[in-house]
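Asker:
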Amino acid sequence: MRSSLQLGGLAAATLYLANGGGSATQALGDFVYGDHREPYRDAGLWGLFRVHSPDSPGVRLQRLERP
Numbered sequence: 075m076r077s078s079l080q081l082g083g084l085a086a087a088t089l090y091l092a093n094g095g096g097s098a099t100q101a102l103g104d105f106v107y108g109d110h111r112e113p114y115r116d117a118g119l120w121g122l123f124r125v126h127s128p129d130s131p132g133v134r135l136q137r138l139e140r141p
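Taking the numbering used here, the leading residue of the sequence shown gets 75, the next gets one more, and so forth.
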């Protein structure tokens with residue numbers, strides 16, 4: 075179990091979530107992750123982890139594109 079993970083440039087990590095997305099409480103919603111240092115976060119070093127019910131009808135992931 076980890077509360078944080080340090081990654082360098084061009085690094086990647088595969089996460090295996092204990093009890094699946096939403097943890098043991100099966101909490102649904104949006105969870106923000108990113109760098110805690112303001113300049114890096116302002117530069118775009120953050121993301122969104124979305125957890126939804128697997129039996130929700132019509133839930134489809136949409137491709138993120140630059141405007």
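Heads up, the beta-carbon is just placed ideally off N, CA and C, and yes, glycines get one too.
Note that this is a predicted model, so its numbers are computed, not measured.
Please name the residue in 126, 82, 78, 111 whose C-alpha comes closest to that of residue 103.
Answerer: The residue with the shortest Cα to Cα distance from residue 103 is 126.
Asker: Using three-state DSSP, classify residue 124 as helix, strand or coil.
Answerer: Here residue 124 sits in strand by DSSP.
Asker: If we ignore side chains and look at the alpha-carbon of each, how far apart do residue 91 and residue 105 end up?
Answerer: One C-alpha to the other measures close to 13 angstroms.
Asker: Would you list the one or two residues that DSSP bridges to residue 107?
Answerer: In the DSSP output, where bridge partners are listed per residue, residue 107 has 121.
Asker: Could you check where the alpha helix (DSSP H) with residue 112 kicks off and where it finishes?
Answerer: It spans 112-116 - the alpha helix (DSSP H) in which residue 112 sits, taken as one unbroken run.
Asker: Compute the distance between the beta-carbons of residue 79 and residue 86, then report whether it is under 8 angstroms.
Answerer: No.
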